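Okay, so the sequence shown: first residue is 1490 according to the numbering used here, each after it adds one.
Glycine included, each C-beta is placed from N, C-alpha and C at the ideal position.
The model shown is predicted, which means the values in this text are computed figures rather than measured ones.
Take a look at the structure below.
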Amino acid sequence: MYIEDTIAAISTPQGEGGIGIVRISGSQAEAIGHRLFRFRKGGAFVSHFLHYGTVAEPTGGAVIDEAMAVLMRAPHSYTREDVLELHCHGGMLVMERILASALACGARLAEPGEFTRRAFINGRIDLMQAEAVMDVITAKTEAALTLAQRQREGALSVRIDAIRQSLTRSLAFIEASIDFPEDDIGETDTAALRSGVTGALDEIGTLLAGFDEGRILREGISVLIVGKPNAGKSSLLNCLLRDNRAIVTHIPGTTRDIIEETVNLGGLAVRLLDTAGIRHTDDVVEREGIMRALDKIQLADLALFVLDSSQPFGDEDRMILDALGEITTIAVLNKIDLPRRIEFPSKVAQMPHAALSARSGAGVDGLRDLIRATFLHGSALDSREFVALSRARHRDALVSTRSSLRQFLSGLGEGRELETLAIDLRDALFAVGQVTGVTATDDVLDVIFSSFCIGK
Ligand code: GDP
């Protein structure tokens, strides 16, 4: 990847749409614009103004489409380079011809996420904010979107930077002391170092404590509905889906047997792993169907264990209970409209449970609240300041920062050599720098940006 190149890509989604946008970024963007775009009334680009005209193949070729063009001159653009956007009709053929024309003028096809990567390399946003761009695009609930927007605006970056700055000051002090060994560091200095690093550790602790909730808000949870045949699994699934208009995805899962439906439970994106395909195939006996459903348990954050309350707790229920193991489980006591005959073993009685009728829908709201409360604690999101770590990459970097800082503190306590202490601090600074990308290597950047689509 060469940052000197001018890059181009279709930035709107694949498929047909009212409008499609071809985006070009780099030093040649304006020149390419002049070769492709014909102003309706003649003239030249005025930065950040929308111009009306046509897009044609380079140097007097055929007109491709009626279009609007906007040039955003560096540094006031997404990438901080000259960016040209050609807004045409949203047909694949139209956009591909415009893109091909831009390439013929010397642009290179952008790699996935390369526009955002340039925004990062050119210092407009840090790595956390770049990742948040992706989160904004893929957010499935209001809560996930709020979290992503705050991260994109830099609310988390500010806190990470404060940690870095404090550690940088401590390191500078130690390095100065190494350079001037005649000025021994005294009690006061040691106390100041300890309090600075302890403060950083506290802040890291706070950020790490928010990780689970942040990850859950960003990614949602996956829920597997299990239960013996006729317990009411399909009825429950339909209840959860029917009353919920915010079904955002319907994608076949990784195997033929499993289908994922996402519903929005009051801000929590819940992927219901539907094993209906397993239960209703003729060639699979029900018992084996249950076993195969149970095989998927490790995919889930939560199991809904559906029990038919009008029947005694039986062998099949027990088999399922045993297979549930340590997974977080809610016992769903279904068919409460019928006379109750079930008695639970104590293991089930200890689980959180919801009593409901999947047939009438009575009690289903209680289950929704219970699912939400199991994963989201309090309503932290209501607070304007709420930010949370939501990516394992950030967590891992902070965990490693924390371990270097703990090592530093014990070294300080033991009066270890300044050189050794400096190494701990440098390690900590390297690790925390991974979060916002100050110390991220090209390999790390490749992995992060390859998860973006072309055009972003
Ligand atoms: P699954 O095999 O676990 O998916 O169970 P189904 O959802 O197909 O339900 C099995 C039977 O129980 C069907 O005849 C449902 O109509 C019935 N059923 C499900 N939920 C209830 C309920 O809450 N009350 C009553 N009375 N019947 C129910």
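Using the Cβ count rule (16 or more neighbours within 10 Å means buried), how would you classify residue i?
i, result
"Ala1637", "buried"
"Arg1829", "exposed"
"Asp1858", "exposed"
"Lys1945", "buried"
"Leu1582", "exposed"
"Thr1743", "A caution first: Thr1743 carries a pLDDT of 35, below 50, which makes its placement in the model unreliable, though a value can still be read off. Exposed, because fewer than 16 other Cβ atoms sit within 10 Å of the Cβ of Thr1743."
"Arg1731", "exposed"
"Ser1500", "buried"
"Lys1836", "exposed"
"Thr1679", "exposed"
"His1883", "buried"
"Asp1913", "buried"
Within a Cβ cutoff of 6 Å, which residues of the same chain sit near residue i, ignoring the five residues on either side of it in sequence?
i, result
"Glu1555", "Thr1543"
"Glu1805", "Lys1717"
"Arg1606", "Phe1938"
"Gly1755", "Arg1861"
"Leu1783", "Ala1812"
"Gly1509", "Thr1501, Cys1577, Gly1579 and Met1584"
"Val1933", "none"
"Ile1649", "Val1924 and Thr1925"
Closest by CA to residue i, which one among the options?
i, options, result
"Glu1664", "Ser1940, Leu1910 and Leu1525", "Leu1910"
"Ala1651", "Lys1629, Val1686, Gln1618 and Ser1666", "Val1686"
"Lys1722", "Ala1633, Phe1875, Asn1823 and Gln1839", "Asn1823"
"Ser1724", "Leu1660, Ser1659, Arg1884 and Arg1848", "Arg1848"
"Ala1838", "Ile1860, Ile1714, Leu1810 and Leu1645", "Leu1810"
"Thr1863", "Val1921, Gly1709 and Val1647", "Gly1709"
"Ser1711", "Asn1719, Val1752, Ala1680 and Glu1903", "Val1752"
"Leu1726", "Phe1609, Gly1675, Cys1594 and Leu1761", "Leu1761"
"Gln1503", "Leu1575, Arg1529, Glu1585 and Val1535", "Glu1585"
"Glu1692", "Glu1505, Val1876, Gly1902 and Arg1882", "Val1876"
"Thr1568", "Glu1546, Leu1592, Arg1613 and Val1552", "Arg1613"
"Ala1632", "Asp1935, Leu1757 and Gly1900", "Leu1757"
"Glu1546", "His1523, Arg1529 and Ala1533", "His1523"
"Ala1681", "Thr1930, Thr1627, Thr1548 and Leu1901", "Leu1901"
"Val1625", "Met1840, Met1808, Phe1897 and Ser1879", "Ser1879"
"Ile1521", "Ala1593, Arg1807 and Leu1729", "Ala1593"
"Thr1627", "Val1795, Gly1643, Arg1707 and Asn1611", "Arg1707"
"Arg1905", "Ile1674, Ala1591 and Ser1590", "Ile1674"
Comparing the C-beta of residue i with each C-beta of chain D, is any distance below 8 Å?
i, result
"Ala1847", "Included in the structure is just one protein chain, with no chain D present."
Residues in its own chain within less than 7 Å of residue i by CB, not counting five upstream and five downstream?
i, result
"Asp1916", "Ser1893"
"Ile1816", "Ile1786, Ala1789 and Ala1792"
"Phe1833", "Phe1802"
"Ser1952", "No statement about residue 1952 is possible, as the shown extent of the chain runs from 1490 to 1945 and does not include it."
"Gly1922", "Arg1653 and Thr1928"
"Pro1601", "Phe1938, Ser1939, Phe1941, Cys1942 and Ile1943"
"Ala1920", "Ala1886, Ser1889, Thr1890 and Ser1893"
"Ile1736", "Confidence is the limiting factor: at Ile1736 the pLDDT is only 38, short of 50, which leaves the residue's position unreliable, though a coordinate-based value still follows. Within the same chain, Ile1736 has close Cβ partners Leu1730, Glu1750, Thr1751 and Val1752."
"Asp1772", "For Asp1772, the predicted structure reports a pLDDT of 48, less than 50, and the residue's modelled location is therefore unreliable. A value from the coordinates is still provided. Cβ neighbours of Asp1772 beyond the five flanking positions: none."
For my contact list, residue i and residue j are in at a C-beta cut-off of 8 Å; report their separation, rounded to the angstrom.
i, j, result
"Ala1558", "His1540", "5 Å"
"Thr1925", "Leu1616", "6 Å"
"Leu1560", "Phe1534", "4 Å"
Which same chain residues, not among the five before or five after residue i, have their C-beta less than 8 Å away from its C-beta?
i, result
"Ser1516", "Glu1493, Thr1495, Glu1570 and Asp1571"
"Ala1851", "Ile1825, Asp1826 and Leu1845"
"Ala1498", "Val1511, Arg1512, Leu1588, Leu1598, Ala1599, Glu1603, Phe1604, Ile1943 and Gly1944"
"Glu1908", "Ile1667"
"Ile1831", "Leu1796, Asp1797, Ser1798, Ser1799, Gln1800, Pro1801, Phe1802 and Leu1822"
"Ala1820", "Phe1794, Leu1796, Phe1833, Val1837, Met1840, Pro1841, His1842 and Ala1843"
Worksheet item: Unbroken alpha helix (DSSP H) runs of length 4 or more, entirely within the segment 1795-1825: which are they?
Response: As far as the segment 1795-1825 is concerned, its whole alpha helix (DSSP H) runs of at least 4 residues are 1804-1813.
Worksheet item: Which ranges does the alpha helix (DSSP H) cover as unbroken runs of at least 4 residues, wholly within the segment 1577-1625, from first to last along the chain?
Response: Listed in chain order, they are 1581-1593 and 1603-1610.
Practice prompt. Let me know the alpha helix (DSSP H) ranges lying completely inside the segment 1847-1909, each 4 residues or longer, listed in chain order.
Written response: 1853-1864 and 1881-1902
Worksheet item: Which runs of the alpha helix (DSSP H) fall wholly inside the segment 1674-1734 and span at least 4 residues, in chain order?
Response: Fully enclosed alpha helix (DSSP H) runs of 4 or longer: 1676-1698, 1700-1708 and 1722-1731.
Practice prompt. Report the residue ranges of all beta strand (DSSP E) runs contained in full by the segment 1499-1526; include only those spanning at least 3 residues, in chain order.
Written response: 1506-1514
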